[in-house]
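One rule links them: number in this note's numbering = place in the sequence shown (from 1) + 1387.
Built from N, CA and C at the ideal position, the CB exists for glycine as well.
Each remark here refers to the structure printed beneath this line.
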Amino acid sequence: MAELVDNFDWDNVGANSFGGNYTAEQRAEMEQMYGETLTTVQEEEVVKGTVVGITDRDVILNIGFKSDGLVSITEFRDLTDLKIGDQVEVFIEDQEDANGQLILSRKKAKIKQAWKAIYDALENDTVLEGVVKRRTKGGLIMDLDGVEAFLPGSQIDVKPIRDFDIYVGRRMEVKVVKINAAFDNVVVSHKVLIEKDLEKQREAILNNLEKGQILEGVIKNMTNFGVFIDLGGVDGLLHITDISWGRIAHPSEVLQLDQKLNIVVLDFDEAKKRISLGLKQLTPHPWDSLPADMGVGSKVKGRIVNVADYGAFMEIIPGVEGLIHVSEMSWSQHLRNPQDFIKQGDVVEAQILTLDREDRKMSLGIKQLSEDPWTRGDFATKYAVGTNHNGLVRNLTNFGLFVELEEGVDGLVHVSDLSWTKKIKHPSEVVKVGDRLDVVVLELDVANRRLALGHKQLEENPWDTFQTVFTPGSVHKATITEKNDRGAVLELPYGIEGFAYPKSLVKEDGSNAENGESLDFRVVEFSKDDRRIVLSHTAVFNQTQEDDSRNSKFAKKKPAGGAAAPAQGEGKISDLKKPQAAEKSTLGDLDALSALRDKMMGSERQAGEQKLSSKAAPAEDAPAEGGIIAAVTGAASAAIDKVTEVAGDVVDTVKHALGNDADTKEEEKA
C-alpha cells in the first residue's frame, strides 16, 4: 500500500496549472526531449517500423509517428515466425484517415522496393532471383518479390524447351533484359546466364576443333533440311544429305530429338562459328560394296526414289542410284513426262547402260528389256505399204501430225493427206492430240525408222467423179465462205471448194457478191491434178446473152419450113451458089450433134452425181452386189466418156466448117 507523504503542500498544487511549476528552461528541455521521440513522415514513402503488437486481424507497427499504424496480418503470410520487436518495411498510404488512424501497407512497400531492385538490375547488369508462378503462351511468368515478369521460352535455356510445365514452382536466377514502364512489363532471361558459363567451354571446343574429328552430341532441334546438334556449348549442323547414304525425306525417319550420337566434323568456320557435321561418313560408301561382276548390260532391280522432268532416279541399294532418262523408258521417239511411265516408290527392273565406279555414276534403261518393234521380223509385213491401221494422235505440227500405231512405232500424216476436198491449213482443224485416227501406210523406210501415213487414201479419190460433175461450162449453186482482195472461196455441193476471181463476182445488176451469199456459178476451169476449180458468177448471165444472140442468128438463116425466110429483095448472089437443101442439112446436123453431146454430157454428169450421192448415203446391198454395180457403173462411165469425146470432136469439126463457109460468103459478097 502506498505511503502518504507528510507535509505535502496541496495548496501549491491546486493553485497552478499542469506544468506550471516548470521554468522556461525546464519547459524547453522537455519539449526537445519530446520532439526527439517523434519523426516526420510523408505519404507514399517506405519506412521501417517495429512490431509492437499482434492481433488476430492486424499487426501494430510503430514507425516513430505520433500514432501507431495497423497492417493486415494477411500481408505477413510469408513471415511465419513474426514476433513483437521485429522490424519490417512498410509503405505509408495515409498519415491520418477519417478515424485519425495511420494507414500502412507492407505489400506496396515490397512492390516499390522490387521495382527499385529491377531498375537497378537492368542498369547494373545484376542477377535477380524469382519464383516461376505459372506457364503462359510462349513462356513462363515469374514473381520477382511481388512484380510479375515474363520469361520467354527461347530465353529459358540454350536448347529448345518443349515442356514448360516442369519449371513451374522453381526458383531461378534471371537477368532483366527489357522494361516497359508504360505497361509495367518486365522481360527477363535465364539463357544469358547459361551462355556466359558456356562461353569458355565453347572457346575451348573451337580452339581444339579439327576436320575429321569425331565428337559426341545431342540433337537439340530438327528441321526439313537437317538437325542441329549440341556439342557441349557449340551447335553444329548435320545436313539431311549427310545423315544417310540413301535418300530420306525428313531427318525424323532415322533420328529423334534429344538423341545422343557420334558425328564427324566435316568443316567449320572460325569467324562465323559454323560447324558442318556428318553421320554417314562414319560408315563405308555403298558404291564400294557393289559386286565386281556388275557391269554394262546387267539387269538390276530397285526402287524409284525421285522423278524429275528429264527422268527418274532408281535406288539399287541405299546410297547407290542410277538415272533412267525419259528417252530410255520407251521405244517411242516422242519424249513424254516420266510420270506417264513410273511413279515415285515403284519397284522396277532396268538394265545398266553406263557404269562409272570412280565418279560413282550409273545410267539405266527400261526399254532395253523389251524388243525394239522396228527390228521385229514381221514388222515389214505388218506395216507394208497399203495396210490400214488405227493409231493415237501424239503430236500436231504445222506440216502434219504424228500417229503412234504402237509403243515405239510412230508415223507422219502430212497435212495434204488428210482430206481430198478441203484445203486444211493446220491439222487441228481435223483432229486433236489424244484422238484415234484411221490411216493407211504410204511409205516405209525401216533403215531410217520412217513411216509415211495417209488418211484421205482410205477413200476413193472423189476428183475422178468431180471431173464428170463439174465440167467446164456447167452451172452449180455455190456459197461464198471467204472473201479477200484476191478473190473468194466458194463452197460447192459434196463439200468441195472452188475459187472465183474478183471480176467474176460482179452480179447482173453491177453489184459485187458478198460473203455468205448463195449464187449460181459457171465452171470456168477444172484441174483434177491440182484439185482446183475456178468458177464465175458473171459468166452465168453473160453466157446466157451469148447463147440467145447465137440462137437468134441461126433462126434468121432457117427456111420457111422451120425458120423465117429471107425478105423479098434481100436475096444474095452467094445464096445461089449453094443449094438451100444443103444449108438446111448442115444446120440440122449441127443441132442434132449439139443435142447429142448435151444429152451425153448430162447423162455423164447425172451418173457422177448419183455416184457421189451413193457415197454420202452408203447402200445396204451385199458387198458382192455392190462390187458388180461399181464395175458396171465404171464401164458405163468409160463408154460415156468415149462417146462424149467423139461427139465433141464432130461438133467442133462442123462448127469449124460452118465458120469457113461464112468467111467464104463474106468474101463473095465483097
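Inside the stretch 1664-1704 only - beta strand (DSSP E) runs reaching at least 3 residues: 1686-1694 and 1698-1704
Contact set for Ala1767: own chain, Cβ-Cβ below 8 Å, skip 5 residues either direction: Leu1831 and Val1833
CA-to-CA distance, Ala1695 to Ser1541, given in whole angstroms: 40 Å
Inter-stretch contact at 8 Å, needing at least 3 Cβ pairs: the stretch 1641-1650 / the stretch 1602-1610: yes
Identity of the residue in His1637, Phe1537 and Ile1566 nearest Thr1610 by Cα: His1637
Residues of its chain near Gln1844, where Cβ-Cβ distance is below 6 Å and the 5 sequence neighbours each way are ignored: Val1827
Integer-rounded CB distance, given that His1672 should sit under 8 Å from Trp1718: So it is not a contact: roughly 35 Å between Cβ atoms.
DSSP state of Gln1646 mapped onto helix, strand, coil: coil
Straight-line Cα distance separating Met1420 from Val1439: 22 Å
Buried or exposed by the 16-neighbour rule on C-beta atoms within 10 Å, applied to Pro1678: exposed
For Ala1496, the residue or residues it bridges with in DSSP: Answer is none; Ala1496 lacks a bridge partner.
Short Cβ contact (9 Å threshold) for Val1683 with Glu1597: no
Under the three-state DSSP convention, the category Asn1785 falls into: coil
For Phe1452, the nearest candidate out of Lys1435, Ser1459, Leu1585 and Arg1464 (CA to CA): Lys1435
Closer than 9 Å to chain C by CB, Arg1909: No chain C appears in this structure, which consists of one protein chain only.
Residue nearest to Glu1582 in terms of C-alpha spacing, selected from Trp1502, Asp1617 and Val1735: Asp1617
Three-state class that DSSP yields for Pro1539 in the structure shown: strand
Within the stretch 1527-1594, ranges of the alpha helix (DSSP H) (whole runs, at least 4 residues): 1578-1594
Residue(s) in a DSSP beta bridge with His1712: Gly1698
Distance, Leu1906 Cα to Gly1860 Cα: 15 Å
Touch test, the stretch 1556-1570 against the stretch 1495-1515, Cβ-Cβ under 8 Å, three pairs minimum: yes
Leu1653 beta carbon near the ligand HEM (any heavy atom closer than 8 Å): With respect to the ligand HEM, the structure shown offers nothing to examine, as it has no ligands at all.
Rounded distance between the beta-carbons of Phe1478 and Val1433, thought under 8 Å: 5 Å
Contacts around Ala1495, its chain only, beta-carbon distance under 8 Å, and the 5 residues preceding and following it disregarded: Note that residue 1495 is Lys in the sequence shown here, rather than Ala. The answer, listed in chain order, is Phe1478 and Glu1480.
In DSSP terms, what Ile1811 is bridged to: Beta-bridge pairing links Ile1811 to no other residue.
Proximity winner among Leu1538, Val1574 and Ala1568, relative to Arg1557 (alpha-carbon distances): Leu1538
Nearest to Phe1886 (by Cα), restricted to the options Glu1416, Lys1894 and Phe1913: Phe1913
Identified DSSP bridge partners for Arg1723: According to DSSP, which records beta bridges pairwise, Arg1723 is partnered with nothing at all.
C-alpha gap between Asp1825 and Arg1744, whole angstroms: 50 Å
N- and C-terminal bounds of the beta strand (DSSP E) containing Ala1865: Val1862 to Asn1871
Residue burial classification, Ser1815 (beta-carbon count within 10 angstroms, cutoff 16): exposed
Whole-number beta carbon distance between Arg1823 and Leu1779, since they are thought to touch under 8 Å: 6 Å
Alpha helix (DSSP H) segments (min. 4 residues) lying fully within the stretch 1819-1893: 1850-1856
Between the CA atoms of Gly1764 and Thr1855 - distance to the nearest angstrom: 46 Å
Reduced DSSP category for Asn1608 - H, G, I as helix; E, B as strand; rest coil: strand
Burial state of His1924 (16 or more Cβ within 10 Å): buried
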